[in-house]
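Report on one structure; see the data block that follows.
Residue numbers (the numbering used here): 71 to 269.
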């Protein structure tokens, strides 16, 4: 079987409120204002597809949110999204590989984040056969083509794959391609799935 794991809130806990907190400290814009104005809009999506640079993304977000930040200040906030690894998921990924299954990560991410988390959490690369990143593929979840491209690259059919993600739209996108998909709603979802469906 092919097991596909999302990154944020599946393998690693993330929290965008931490990002806003750092930006608020640097910009002196009240946290509540930033939380209201933050949207994952066109610049966000283009950045995840690798279509705009980190600097252009930072400029666009600062303009959208009316923040005056240097690029370094913006980046410091952007990296604060990562909270902690979920060791129980890492352990399951390793176990699946030991049993002969293929284990990959599929993440909507961006260059700024991939300059940070692989060094911060080397356990992720150690637990996965391959990591697929939206900005390298030029496409992002929930678009059907990203799932099809991954299946093609891995030489698996959709009915041989199981996908874990915390975003309902991404789950629907994978289901439309025919992949069994599990919505991760908390830290207990992934261990709970394997407790009920031992490999």
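We treat Cβ as the ideally placed atom computed from N, Cα and C, and that holds for glycine. As the structure is a prediction and not an experimental result, all values here were calculated from the model.
For residue 268, the nearest candidate out of 97, 94, 113, 169 (CA to CA):
169
Going along the chain, which residues of its own chain have a beta-carbon closer than 7 Å to the beta-carbon of residue 179, five neighbours each way excluded?
Closer than 7 Å at the Cβ level, and outside the excluded window around residue 179, lie 77, 118, 203, 204, 205.
Length of the line joining the Cα atoms of residue 340 and residue 250
In the structure as shown, the chain begins at 71 and stops at 269. Residue 340 is therefore absent and cannot be evaluated.
If I measure Cβ to Cβ from residue 114 and keep anything under 8 Å in the same chain, skipping five residues before and after, which residues do I get?
127, 131
May I ask whether a heavy atom of the ligand SAM can be found less than 7 Å away from the beta carbon of residue 179?
The model depicted lacks the ligand SAM and carries no ligand whatsoever.
Give me, in chain order, the residues of the same chain whose beta-carbon lies closer than 7 Å to that of residue 213; leave out the 5 immediate sequence neighbours on both sides.
Taken in chain order, the residues that qualify are 243.
Classify residue 235: buried if its beta carbon has 16 or more other beta carbons within 10 angstroms, exposed otherwise.
buried
Which residues bound the beta strand (DSSP E) around residue 233?
231 to 235
Same chain, Cβ closer than 7 Å to residue 264, neighbours up to 5 away in sequence not counted:
When the five nearest sequence neighbours on each side are left out, the beta carbons in the same chain lying within less than 7 Å of the beta carbon of residue 264 are those of 162, in order along the chain.
Report buried or exposed for residue 153, applying the criterion of at least 16 other Cβ atoms within 10 angstroms of its Cβ.
exposed
Closer than 7 Å by C-beta to residue 101: which residues in its own chain qualify, once you throw out the five before and the five after it? Chain order, please.
90, 91, 94
Near residue 85, which residues of its chain fall below 7 Å by C-beta distance, leaving aside the five closest residues on each side in sequence?
151, 153
The beta strand (DSSP E) enclosing residue 203, as first and last residue numbers
200 to 203
To which residues of the same chain is residue 229 closer than 7 Å at the C-beta, ignoring the five residues directly before and after it?
248
Which runs of the alpha helix (DSSP H) fall wholly inside the region 87 to 143 and span at least 4 residues, in chain order?
Runs found: 101 to 107, 112 to 118, 124 to 135.
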